[in-house]
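Residue numbers (my numbering): 898 to 1126.
Glycine residues also receive a C-beta, built at the ideal position from the N, C-alpha and C atoms.
Structure first, commentary second.
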């Protein structure tokens, strides 16, 4: 997504953006499948030691050999498969997303300064909103994904077990990525906000149009004399 936004905004090349999306679809499906097949054939898919899955910090499906509850698999081997199964790509995405969004931020900021010279307040407000998103998107992505990475680094460099606090944060963060993307790319989009605004204005107008009718009916009812019993 970051590379696509960089292509269509900074490079202003929509054809390049389409090719990037096409390449993503060709990579995002077969590569993880290939890695999973390699791990399966190598006998590396499975659970950890009984009651010790938390020790593998993050990747409970990376198999560890045990002997009387003691892990016998070398730590470097587990770390290698954890990297191959996802952490390497995750850490790479941190670096890539920071670099790409930093370039987008610099580009948008320069464009905003050019627009400010023309005293176009509406355009300036839009550029400021885009600037804010170029900070929020990578910030939220790293914030929700960093907990599993911290657990991996603790395990890789010290061999210590992961803490339950980090495990809970990772469980929430990994599942929240789609929700956060929906908020940043959909719910706060200008088109969707305009749509909701039109809906609320339309509903408010309909309610106001009903008020005079109800009031006139009430007034006519008050003017009618009551029938004596």
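Buried versus exposed, by CB contacts within 10 Å (16 or more), residue i
| i | result |
| --- | --- |
| residue 1010 | exposed |
| residue 1075 | exposed |
| residue 1030 | buried |
| residue 973 | exposed |
| residue 926 | exposed |
| residue 938 | exposed |
| residue 1001 | buried |
| residue 1064 | buried |
| residue 1054 | exposed |
| residue 1062 | exposed |
| residue 982 | buried |
| residue 1070 | buried |
Residue interval of the alpha helix (DSSP H) (run including residue i)
| i | result |
| --- | --- |
| residue 1007 | 985-1014 |
| residue 908 | Premise fails: residue 908 is in no alpha helix (DSSP H) and is neither H nor E. |
| residue 929 | 927-938 |
Beta-carbon gap between residue i and residue j smaller than 8 Å
| i | j | result |
| --- | --- | --- |
| residue 1049 | residue 979 | yes |
| residue 984 | residue 959 | no |
| residue 1079 | residue 994 | no |
| residue 1033 | residue 1081 | yes |
| residue 1005 | residue 1024 | yes |
| residue 917 | residue 904 | yes |
| residue 1012 | residue 1020 | yes |
C-alpha distance - residue i paired with residue j, whole-angstrom precision
| i | j | result |
| --- | --- | --- |
| residue 951 | residue 1042 | Because residue 951 sits at a pLDDT of 47, beneath the cut-off of 50, its placement in the model cannot be relied upon, and the point is left open. |
| residue 901 | residue 921 | 10 Å |
| residue 1090 | residue 977 | 46 Å |
| residue 1035 | residue 934 | 31 Å |
| residue 867 | residue 1067 | The structure shown does not extend to residue 867, since the chain is modelled only from 898 through 1126, so no value can be given for it. |
| residue 906 | residue 915 | 13 Å |
| residue 1083 | residue 970 | 45 Å |
| residue 1046 | residue 1093 | 38 Å |
| residue 961 | residue 1052 | 14 Å |
| residue 932 | residue 988 | 17 Å |
*asked:* What ranges does the alpha helix (DSSP H) occupy inside the stretch 1032-1100, keeping only unbroken runs of at least 4 residues that lie completely in it?
replied: 1061-1079
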